[in-house]
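Here's the structure we're looking at; comments come further down.
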Amino acid sequence: MGRSIAKKNRCPRGHQNPSPRKKSRSCTYLGHRNYSLYINRVRKEVVPERGISSRTFDIMNTLINNIFERISTQAYSLMCFRNRRTLTPEDIQKAVYLLLPGRLAKYAVAFGSEAVQRYVHS
9 MGRSIAKKNR CPRGHQNPSP RKKSRSCTYL GHRNYSLYIN RVRKEVVPER GISSRTFDIM
69 NTLINNIFER ISTQAYSLMC FRNRRTLTPE DIQKAVYLLL PGRLAKYAVA FGSEAVQRYV
129 HS
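Encoded structure:
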């Protein structure tokens, strides 16, 4: 009985994965974005003569998604702590100040505020 079930669920031609489509290594898991285009733009501004491997792109993408998730979780906690139902820019700024060290947080908030102002006025 057990063998027949195992044989039914087996993939044809000895493939391990039952789906016919292969997933690339640069594909991120559900719910997370791929920032490789933006990483490449910044890299070209900083060091235009250098290249970057796909593995490094994956590491950078994971880092960005991880920080984004931590900031959003902290901002949500601050929102709940203040008994609010709307996430405000102040919650996000405070979350950034809590999670990132000193000058990095200061620059992140400054550049983020500037980007939001450009978006609003465009």
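Each position in the sequence shown, counted from 1, maps to that position plus 8 in the numbering used here. Ideal Cβ placement from N, Cα and C applies to all residues, glycine included. Quick caveat: nothing in here was measured; it's all calculated off a predicted structure.
Apart from the 5 residues on each side of it in sequence, Q82 sits with its Cβ closer than 7 angstroms to the Cβ of A103, L106 and L107 in its chain, given in chain order. Inter-residue distance for S80 and S61 is about 29 angstroms (C-alpha atoms, whole angstroms).
A buried status is given to Y43, since no fewer than 16 other beta-carbon atoms sit within 10 Å of its beta-carbon. Where R49 is concerned, the enclosing alpha helix (DSSP H) starts and stops at S44 to V54.
For L112, the enclosing alpha helix (DSSP H) starts and ends at G110 to V128. Apart from the 5 residues on each side of it in sequence, R78 sits with its Cβ closer than 7 angstroms to the Cβ of L107 in its chain, given in chain order. Around the Cβ of I67, a 10 Å sphere holds fewer than 16 other Cβ atoms; the residue is exposed.
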